[in-house]
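Numbering (the working numbering), first residue to last: 79 to 239.
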């Protein structure tokens, strides 16, 4: 399969890159790091690395079309809670509008996409008892968790739309 992973530089996203490459998939990663290939911390390199921003609609559309993407894993986010609290506009732009931009690019350019997995956060459920289910209400209180709850609602709205 041809797979797109946004946020391929993060801990979980990078681990997934390694797993998916084991099965001879073409793994395309989008990330923000300037010197990705020189970054010694990341052990798993996608087959194709595209430096860019999750909010760049044209880049996402071009990437999805050019590499005939069939599956998408969306990790790209501003995950640092203190940064989100100090800069809510950027947090919402990346975490919330980034998801909208990706889903819209998939809708308009991803005729071959079979699945889209959006990774949010358990923080979106507040202090609800574990395990969470589809019936567990969202109960975010702070910027980061609210932006991740928004991702869940956005994904659901695209699914139903």
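Ideal Cβ placement from N, Cα and C applies to all residues, glycine included. Keep in mind the model is a prediction, meaning the values are calculated, not measured.
Original post:
Given a threshold of 16 other Cβ atoms within 10 Å of its Cβ, counted over all protein chains shown, does residue 189 qualify as buried or as exposed?
Top reply: Counting Cβ neighbours within 10 Å, residue 189 comes out exposed, since fewer than 16 surround it.
**OP:** Give the C-beta separation of residue 95 and residue 107 to the nearest angstrom, bearing in mind that I take them to be a contact with Cβ-Cβ under 8 Å.
**Re:** 6 Å
Subject >> Buried/exposed call for residue 122, threshold 16 Cβ in 10 Å >> reply: buried
Subject >> Three-state secondary structure assigned by DSSP to residue 139 >> reply: helix
Subject >> Pick from 82, 222, 232 that is closest to residue 148, judged by C-alpha positions >> reply: 82
Original post:
Hey, would you say the C-beta of residue 155 is under 8 Å away from at least one heavy atom of the ligand MN?
Top reply: With respect to small molecules bound, the structure shown includes none, and the ligand MN cannot be examined in it.
Subject >> Where the beta strand (DSSP E) containing residue 185 begins and where it ends >> reply: First-last for residue 185: 176-187, but that is the alpha helix (DSSP H), not the beta strand (DSSP E).
**OP:** Evaluate residue 153 with the Cβ neighbour count: other Cβ atoms within 10 Å of its Cβ, from every protein chain shown; 16 or more gives buried, anything less gives exposed.
**Re:** Classification for residue 153: buried.
Subject >> Distance between residue 88 and residue 117 (C-alpha atoms, nearest Å) >> reply: With a pLDDT of 49 at residue 117, under the threshold of 50, the modelled position of that residue is not reliable, and the figure given next carries that caveat. Distance between the alpha carbons of residue 117 and residue 88 is about 12 Å.
Original post:
In whole angstroms, what is the alpha-carbon distance linking residue 113 and residue 93?
Top reply: Caution applies to residue 113, whose pLDDT of 48 falls short of 50 and renders its modelled position unreliable; the model cannot decide the point.
**OP:** Identify the continuous beta strand (DSSP E) that holds residue 84 and give its terminal residues.
**Re:** 80-84 is the extent of the beta strand (DSSP E) around residue 84.
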